[in-house]
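Some notes on the structure that comes next.
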Amino acid sequence: MSHIIYPTTNLKATETMTMERGEGVYLYDNHGKRYIEGLAGLWCTSLGYGNQELIQAASDQMAKLSFSHMFGGKTHESAMQLSDKLSAMLPMDNAQIFFGNSGSDANDTHIKMLRYYFDAIGKPEKRKIIARERSYHGITVAAACLTGLDVNHKHFDLPIDALGILRTDAPHYLHGALAGESETQFVDRITNNLEQLILREGPETIAAFIAEPITGASGVIVPPEGYYEKVQAILNKYDIFFWADEVITGFGRTGNDFGSTTMDIKPDMMSLAKQLSSAYMPISAAAVRGDMYEAMIDQSAKAGVFGHGFTYSGHPVAAAVALKTLEIYERERLFEQAAVKGEYLQKRLQAYADHPLVGEVRGKGLIAAVELMADKAAKKPFADGRVGSYMLQACQNHGLIIRVVAGSAVAFCPPLIITEAQIDEMLEAFDKALADTM
Ligand code: PLP
């Protein structure tokens, strides 16, 4: 396994997989075995592998200007164009964009921008952030504090309280509902809990509520009808920002431009990465409303430098690749296509709902999960993750790459360019893997 310390890996793992090349929705390992990509890398390779236009965009930009930093207001064409393009696309008023390298750092950036903004408008006590159980917001020290998964907290002694991170319920009806509770009653209860939390802490101390419109790493949780409407009303009532973490749901994944559109959310802030560049280059964007940025400018005029930035903020090659990615999405009408192919995927997956091992099938657009269960009637999940790793291996044996999340939910998130015939191929492999697991 060489000298690598592997990320998000049981370090005792002895087996690995060596990937050699990719083409369209297929990957090939070092033995020449072909796999169909069921998870778009890590929810990110929307345009698949070997896209010549993206390769050319990177190469042209490298030849022209391989690097230029943005400290002190120094700028360049590709980052400027990308910010204008994004600002026009995002469902926010006059969005202003801070560029970084990963979804985690976009979330860290937002924590700092919130503080800077509330200092600027004379409300320095408005600092706390509400995040949900079972959420994934990244892995740097600050972003991991937002994340609501035990595995990312254990052993790290994260400064959750120091950062003012509060936790509220996940909108996961399957595992969160009380016995006999209807979806409506569940939504009423958890949104009431949210309001009580805000009142307990004091609305004047709470800056933002962060949510993935549909979650990814925590099991593809699609909130019940009415949830976001209630959440948004509560946040508006107490003057708390809606911060949409669209690192996975951004750019067509849920069958619309953004997950916020699909779930009818009006965000004040957005975090974007992954499909922003189809993962050909690392890049992230932390977007805020124009009026928030105006206030930050006033603060900077008084206090001086906004002391936050990465060497690679607005990296010209990453920006050029992202710009080309957005151009391809538009030209090929990939978001509309994702809606159509997404419907096909969801319909096909629903056929597994009656399978004796399947507890629930859920998803929207081209993101879905098939949750395996030890006891369907009792909604009892497989406890120890063994089924997850068995399933992962069985899929790989049959030439399918998926990811098992939240213990035993098989996640599907194929590249947006997948065809219906390739969706069939993906599910044929899944059928065989499921049969092996019985
Ligand atoms: N936010 C969400 C919703 C994510 O799914 C992820 C990664 O999967 C992140 C943030 C962190 O992104 P990165 O791994 O690029 O730091």
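Everything in the sequence shown is counted per the UniProt record's numbering, starting at 1 for the first residue and increasing by one.
We put the CB at the ideal spot given by N, CA and C, even for glycine.
Here the structure is a predicted model, which is why all the values come from computation and not from measurement.
With the cut-off set at 8 Å, would you say residue i and residue j are in Cβ contact?
i           : j           : result
residue 45  : residue 282 : no
residue 288 : residue 95  : yes
residue 227 : residue 187 : yes
residue 149 : residue 218 : yes
residue 319 : residue 255 : no
residue 402 : residue 410 : yes
residue 86  : residue 328 : no
residue 370 : residue 387 : no
residue 203 : residue 240 : yes
residue 272 : residue 305 : no
residue 407 : residue 381 : yes
residue 216 : residue 417 : no
residue 263 : residue 214 : yes
residue 32  : residue 50  : no
residue 169 : residue 132 : yes
residue 109 : residue 279 : no
residue 63  : residue 321 : no
Taking all protein chains shown into account, decide if residue i is buried (16 or more other Cβ within 10 angstroms of its Cβ) or exposed.
i           : result
residue 6   : exposed
residue 193 : exposed
residue 253 : buried
residue 141 : exposed
residue 229 : exposed
residue 137 : buried
residue 20  : exposed
residue 55  : exposed
residue 244 : buried
residue 9   : exposed
residue 326 : buried
residue 333 : exposed
residue 79  : buried
residue 440 : Nothing in the structure corresponds to residue 440, since the chain is present only between 1 and 438.
residue 34  : exposed
residue 92  : buried
residue 3   : exposed
residue 362 : buried
residue 372 : buried
residue 259 : buried
Could you tell me if the beta carbon of residue i falls within a distance shorter than 7 Å of some heavy atom in the ligand MG?
i          : result
residue 51 : Ligands displayed in this structure: the ligand PLP; the ligand MG is not among them.
For a test of the three-state rule: what should DSSP assign to residue i, helix, strand or coil?
i           : result
residue 408 : coil
residue 99  : strand
residue 470 : Residue numbering for the chain in the displayed model covers 1 to 438; residue 470 lies beyond these limits and cannot be assessed.
residue 71  : helix
residue 6   : coil
residue 363 : strand
residue 215 : coil
residue 431 : helix
residue 170 : coil
residue 194 : helix
residue 128 : strand
residue 186 : helix
residue 381 : strand
residue 162 : coil
residue 157 : coil
residue 114 : helix
residue 371 : strand
residue 416 : coil
residue 149 : coil
residue 200 : helix
residue 338 : helix
residue 210 : strand
residue 403 : strand
Please list, in chain order, all residues of the same chain as residue i whose beta carbon is under 7 Å from its beta carbon, the five residues on each side excluded.
i           : result
residue 117 : 292, 295, 296
residue 299 : 116, 119, 120
residue 310 : 100, 101, 105
residue 71  : 309
residue 236 : none
residue 394 : 433, 436, 437
residue 83  : 97
residue 177 : 186
residue 125 : 204, 205
residue 1   : 16
Below 8 Å CB to CB, which residues in the same chain sit around residue i once its five sequence neighbours on both sides are set aside?
i           : result
residue 425 : 36
residue 355 : 434
residue 39  : 401, 402, 403, 411, 412, 413, 414
residue 427 : 348, 349
Note down, in chain order, each residue of its chain lying with its Cβ closer than 6 Å to the Cβ of residue i, except the 5 sequence neighbours on either side.
i           : result
residue 183 : 173, 224
residue 160 : 145
residue 251 : 275
residue 190 : 169
residue 68  : 76, 316
Report task. Please specify which runs of the beta strand (DSSP E), each continuous and at least 3 residues long, are wholly inside the region 218–304, giving them in chain order. Result -> 241–245, 269–272, 284–288
Requested in this report: Could you tell me which uninterrupted beta strand (DSSP E) segments, each at least 3 residues in length, are contained entirely in the region 9–78, listed from first to last along the chain?
Outcome: 19–23, 26–29, 34–37
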